[in-house]
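Take a look at the structure set out below.
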Amino acid sequence: MKTNQIVDITILIYAKDTKKELRRTLRALKDDYQKKAENFTWEIIVLDDNPSPSISAEQLGSILPGVKVVHNSSFGQSAFDFIKQSYSLASGKLIGLWTDASYIASPGTLHHAYNAWLSDSKSVIGLLSFQLGFDVHSRSVLEGFTEVVEQDLLKSVSWLKDGYKLFDISVLEEPSNGWFGCLNNCNVFFLDRELFSKIINESLFPENNFSFSLWKMAVDYSKGNPWIILGEAVFKQCNLKKEKQNRKVPTKSPDVLITWNAPKYIGTLDEKHYSLGTPKVTEIMRRAHSVRGRKFQIDLSTSVLGKIQNGTMRTKYKGLRLAKNPFDLALYSQVIQSLRPQSIIEVGTSEGGSAIWLIDQCFSHGLSNTHLHTIDIKPPALTHEKISFYEGDSIHPDDTFPTEIIKNSPHPWLVIEDSAHTYESVKAALEYFDKILKPDDVIVIEDGCVADLVGKNYRSLDDGPNRAVREFLLATEDRYEIDSSLCDFYGHNVTYAPNAWLRRIN
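For the sequence shown, the UniProt record's numbering assigns the number 1 to the initial residue and increments by one for each residue that follows.
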């Protein structure tokens, strides 16, 4: 769970007579339980609707730090009015509503709800409901199923380590309208903030069965096409007090079921099938998908690429930060061997490890006259006879780069842009060098890989390098070619410069 002031998801949990169950419900919403949740943030607001405040943020904070609690200050206020009153505290763009605090979410709930919302913000997103135990609670409690039995059952499957084991000790909640159409009721669902606002501001909202009414209105506003998440679920905990209050007389099922609306589905697949059909989170958020018929996506899974990145960030050369991945180290060595650059211009020096490594590579290939010019907003205090260090800002190259020195440097050039990784800095660098590059010069735009890496810091770059490269190639038409022999040497775009090993051709 994240506790930022502005978040992607706000989860509202309506809690009445569910103090014990609430603790497990909150535990299942921690970020160490929810899977694939690195690309969004969320907050949780508990709506305490008990006659006297029985839930405190301090108590719940030991389970889920940062959780907020709102008490119903107006005695007799309806559940719907309480939710409406508390909604103003939510900052998320996507609202998750638990109309009953008894429901434990499975580990992929937030991930799939967020993905469904990204692809279609105009539809409500619901989940199937299961009940813990080996029969539905309306029958199992008559046979001795209690909260104590349930506790032992939960301990038997170590659900906190693997939340999907809850499927092994639960049954599908009994429906009142069959499973052939849209869910008749849903106690946990997600919907866009704007859609939620429309529903809670309805002037004629029924007082009874607010959970059913909210869900039905949300489906109606979704034009009868809600999302239903398969492979994930919420699991209702046993509450004997509520079961006795809500006990119903069994009714005979109708001979013919009239289905209600037409849901859409999103769910959990194994990694192989998931990659074939469903976009990864990084792909959904990608701003530049392809150029010249080539996808920017790197042909490595996000998990493998993340491990490579962890190693890359720890890589040093001669005690200095190098921060080059193993694929690109090999590719640079090949370019130096084939291009035989007389000048290397590097934008983004860091500690200087990459500059020294590049010059050492030149020496190993017999290029004793090659000189390297490296530019950084804060250049390191290093000296080297074959390297010149300059202070400069990649966003304002015309004003801060040593232009005359660069122009007078002998060709062919190898230019490496590895500075701020933002759209603005890459765009400025490309436009700057486009004016002075000559045929056969090579320019490399590093770190388009940020679009394929998982993490808030990478999302904040907004696919900047790839967006700038795509626009540049479209604008310059045939002045540059993508050197696919380098981009695809280890597989399609298995490089931190996808579609961005560019060779000037005219």
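Where a beta carbon is used, it is the ideal one built from N, C-alpha and C, also for glycine.
Answer with buried or exposed for Gln334, where buried requires no fewer than 16 other C-beta atoms within 10 angstroms of its C-beta. Numbered from its first residue, the sequence shown carries residue 334 at position 334. It is exposed - the Cβ of Gln334 has fewer than 16 other Cβ atoms within 10 Å.
What separation, rounded to the nearest whole angstrom, lies between the Cα atoms of Leu453 and Ile298? Within the sequence shown, numbered from 1, the residue matching residue 453 stands at position 453. Within the sequence shown, numbered from 1, the residue matching residue 298 stands at position 298. When rounded, the distance between both Cα atoms is 10 Å.
Tell whether a beta-carbon distance below 7 Å holds between Thr495 and Asp328. Your numbering for residue 495 matches position 495 in the sequence shown. Your numbering for residue 328 matches position 328 in the sequence shown. Yes, these two residues count as a Cβ contact at 7 Å.
Where does Ala105 sit, in a helix, a strand or coil, going by DSSP? By 1-based counting over the sequence shown, the position of residue 105 is 105. Strand.
Using the C-alpha atoms, what's the distance from Ala420 back to Ser394? Here residue 394 corresponds to residue number 394 of the sequence shown, with the count starting at 1. Here residue 420 corresponds to residue number 420 of the sequence shown, with the count starting at 1. Answer to the nearest angstrom: the Cα atoms are 8 Å apart.
Taking the runs of the alpha helix (DSSP H) that are 4 residues or longer, which of them lie wholly in the segment 37-65? 57-61
In this structure, does DSSP put Arg294 in helix, strand or coil? Taking the first residue of the sequence shown as 1, we reach residue 294 at position 294. Note: Arg294 maps to strand in three-state DSSP.
Cutting at 6 Å between CB atoms, please list the residues of its own chain near Asp463, excluding the five before and the five after it. Mapped onto the sequence shown, residue 463 falls at position 463. Once the five neighbours on either side are set aside, the close Cβ partners of Asp463 are Arg286, Arg287, Ala288, Ala451.
With DSSP as the reference, identify every bridge partner of Ile6, one or two as the case may be. Locating residue 6 in the sequence shown gives position 6, where the first residue counts as 1. DSSP output for Ile6 lists no bridge partner at all.
Can at least three beta-carbon pairs, one atom from the segment 292-309 and one from the segment 480-495, be found at a separation below 8 Å? yes
Please name the residue or residues paired with Tyr265 in a DSSP beta bridge. Locating residue 265 in the sequence shown gives position 265, where the first residue counts as 1. Note: Tyr265 is bridge-paired with Ile228 in the DSSP secondary-structure output.
If you measure between the beta carbons of Phe189 and Tyr114, is that distance less than 7 Å? As a working mapping, residue 189 is identified with position 189 in the sequence shown. As a working mapping, residue 114 is identified with position 114 in the sequence shown. No, the pair does not count as a contact, with Cβ atoms beyond the cut-off.
Trp215: first and last residue of the uninterrupted alpha helix (DSSP H) it sits in: Here the question's residue 215 lines up with position 215 in the sequence shown. Counting along the chain, the alpha helix (DSSP H) containing Trp215 begins and ends at 210-221.
Just curious, the beta strand (DSSP E) that His137 is in, first and last residue? Numbered from its first residue, the sequence shown carries residue 137 at position 137. Taken as a continuous stretch (DSSP letters only), His137 belongs to no beta strand (DSSP E), being part of the alpha helix (DSSP H) at 137-140.
Nearest-angstrom beta carbon gap, Ile375 and Glu417 [assumed within contact, 8 Å]: For the purposes of this step, residue 417 is taken as residue 417 along the sequence shown, with counting starting at 1. For the purposes of this step, residue 375 is taken as residue 375 along the sequence shown, with counting starting at 1. Rounded, the Cβ-Cβ distance is 10 Å, inconsistent with contact.
Starting from Arg347, follow the beta strand (DSSP E) in both directions and report where the run begins and ends. On the sequence shown, residue 347 is found 347 positions in, with the first residue counted as 1. Here the sequence assigns Val to residue 347, which means Arg is not the residue at that position. Element bounds for Val347: 343-347.
Residues that Trp98 bridges to, as DSSP identifies them: Residue mapping note: residue 98 aligns to position 98 of the sequence shown, counting from 1. For Trp98, which the question treats as bridged, DSSP gives the partners Ile13, Val188.
So the candidates are Gln361, Asp48, Leu94; which of them puts its Cα closest to the Cα of Ser73? For the purposes of this step, residue 73 is taken as the residue at position 73 of the sequence shown. Ser73 has its Cα closest to that of Asp48, out of Gln361, Asp48, Leu94.
Are Ala15 and Val46 touching if we call contact CB-CB under 7 Å? Sequence index remark: in the sequence shown, residue 15 carries index 15 (1-based). Sequence index remark: in the sequence shown, residue 46 carries index 46 (1-based). Contact: yes.
On the DSSP letters alone, give me the boundaries of the alpha helix (DSSP H) that Trp357 sits inside. As a position in the sequence shown, residue 357 is number 357, starting the count at 1. Element bounds for Trp357: 353-364.
Does Ala355 pass the burial test, meaning 16 or more other C-beta atoms within 10 Å, or should it be called exposed? Counting from one through the sequence shown, the residue named residue 355 turns up at place 355. Under this definition Ala355 is a buried residue.
Unbroken alpha helix (DSSP H) runs of length 4 or more, entirely within the segment 406-458: which are they? 423-434
Output the distance between the C-alpha atoms of Leu29 and Ile229, rounded to the nearest integer angstrom. Residue 29 sits at position 29 when you count from the first residue of the sequence shown. Residue 229 sits at position 229 when you count from the first residue of the sequence shown. Cα to Cα, the separation comes out at about 17 Å.
Is the beta carbon of Lys427 closer than 7 Å to that of Ala468? Start at 1 with the first residue of the sequence shown, and residue 468 comes out as number 468. Start at 1 with the first residue of the sequence shown, and residue 427 comes out as number 427. It is a contact, given that the beta carbons lie within the stated cut-off.
Restricting to Cα atoms, I'd like to know which of Leu437, Asn506, Glu431, Asn457 is closest to Arg470. Counting from one through the sequence shown, the residue named residue 470 turns up at place 470. In terms of Cα proximity to Arg470, the closest of Leu437, Asn506, Glu431, Asn457 is Glu431.
I think Asp100 touches Asn187, with their Cβ atoms under 8 Å apart; what is that distance to the nearest whole Å? On the sequence shown, residue 100 is found 100 positions in, with the first residue counted as 1. On the sequence shown, residue 187 is found 187 positions in, with the first residue counted as 1. Confirmed, Cβ separation roughly 5 Å.
Which residue from Ser290, Val291, Pro410 puts its Cα closest to that of Pro341? Stepping through the sequence shown from its first residue, residue 341 is reached at position 341. Answer by Cα proximity: Pro410.
Under 6 Å: does the beta carbon of Val454 sit that close to some heavy atom of the ligand SAH? Only the bare structure without any ligand can be found here, which leaves the ligand SAH out of the picture.
Compute the Euclidean distance between the alpha carbons of Pro250 and Glu147, then round it to the nearest angstrom. Working through the sequence shown from its first residue, we reach residue 250 at position 250. Working through the sequence shown from its first residue, we reach residue 147 at position 147. Its pLDDT being 43, under 50, Pro250 is placed unreliably by the model, and nothing is read from it.
Phe130: first and last residue of the uninterrupted alpha helix (DSSP H) it sits in: Counting from one through the sequence shown, the residue named residue 130 turns up at place 130. It is not in any alpha helix (DSSP H) - Phe130 instead sits in the beta strand (DSSP E) that spans 125-132.
Cut-off 6 Å between Cβ atoms - residues of its own chain near Arg321, not counting five sequence neighbours on either side: Within the sequence shown, the letter at position 321 stands for residue 321. Only residues of its own chain outside the window of five on either side were considered, and among them Ser350, Glu351, Gly353 have a CB closer than 6 Å to the CB of Arg321, listed in chain order.
Can you tell me whether DSSP reads Ala486 as helix, strand or coil? Walking along the sequence shown from the start, residue 486 turns up at place 486. Note that residue 486 is Leu in the sequence shown here, rather than Ala. Here Leu486 sits in helix by DSSP.
Skipping 5 residues on each side, what residues in its chain have a beta carbon closer than 6 Å to that of Leu22? As a first step, residue 22 must be located in the sequence shown, where it is residue number 22. So the list reads Ala15, Ala101, once near-sequence residues are dropped.
Grouping DSSP H, G and I as helix and E and B as strand, with all else coil, what is Ile395? The residue you call residue 395 lines up with position 395 of the sequence shown. In the structure shown, Ile395 sits in coil (DSSP, three-state: anything other than H, G, I, E or B).
For Glu446, which residues of its own chain have a beta-carbon under 6 Å away from its beta-carbon, when the five flanking residues on both sides are left out? For this step, residue 446 is matched to residue 446 along the sequence shown. Closer than 6 Å at Cβ, skipping near neighbours: Asp418, Tyr496, Ala497.
From the DSSP output, in three-state form, read off Val494 for me. Here residue 494 refers to the residue found at position 494 when the sequence shown is read from its first residue. Note: Val494 maps to coil in three-state DSSP.
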